[in-house]
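Be aware that the sequence shown starts at 326, since it is given in our numbering, and climbs by one per residue.
Every residue gets a Cβ at the ideal spot worked out from N, C-alpha and C, and that includes glycine.
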Amino acid sequence: MVNRQRGQSMVEYVVILAALTAALLTAGNGSVEALRNSVVDWHRGQSYALSLSEIPETDDLGELATYYQDLGKYPELADQFAGAGDSLDTLADRLQQTNQLLGDFNPKDIAEAATGYSFDFSY
326 MVNRQRGQSM VEYVVILAAL TAALLTAGNG SVEALRNSVV DWHRGQSYAL SLSEIPETDD
386 LGELATYYQD LGKYPELADQ FAGAGDSLDT LADRLQQTNQ LLGDFNPKDI AEAATGYSFD
446 FSY
């Protein structure tokens, strides 16, 4: 009984595939060649997408540069990431220094003192 059920599901699968193929071919200007071309295009797209290496998730551009250097696939990216990482580290340091200098800076107080009007900066 188990073997007959396996065979029955195979027949159902073939019938469904035949019905779907017939529906695709009669739906519009379909032909076997158009169906084949669409499957080939889909396969090319999938193959290309799978061939791309996954970019690791990290906040450290130095680590990302090392990844691409070790990968050896895109050596120019390793240099660009290393340079960008140094620039971003410098920027982060300067922003932190600026935040420390500003301390309790309140733009509302300055705007009210300069204009004499009351301001509400909450949105």
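For G428 and A438, what's the separation of their Cα atoms in angstroms? Their Cα atoms are separated by approximately 19 Å.
Using 8 Å for Cβ pairs, my map puts L386 next to F406. What's the rounded Cβ distance? That pair is a contact at about 5 Å.
State the DSSP-derived secondary structure class of L413, mapped to helix, strand or coil. The three-state secondary structure of L413, taken from DSSP, is helix.
How many angstroms separate the CA atom of S443 from the CA atom of L420? A direct Cα-to-Cα measurement between S443 and L420 gives close to 29 Å.
Give the straight-line distance between the Cα atoms of T346 and E382, rounded to the nearest whole angstrom. Cα to Cα, the separation comes out at about 41 Å.
Could you check what DSSP says for T383 in three-state terms: helix, strand or coil? The answer is coil: DSSP assigns T383 none of H, G, I, E or B.
Counted within 10 angstroms of its Cβ, other Cβ atoms place A390 as buried (16 or more) or exposed: Its Cβ being crowded by 16 or more others within 10 Å, A390 is buried.
Apart from the five residues just before and just after S356, which ones in its own chain have a Cβ nearer than 8 Å to its Cβ? So the qualifying residues of the chain are L350.
Compare the beta carbon distance of L402 and Y392 with 7 Å and say whether it is the shorter of the two. Against a cut-off of 7 Å, the Cβ pair of Y392 and L402 comes out as no contact.
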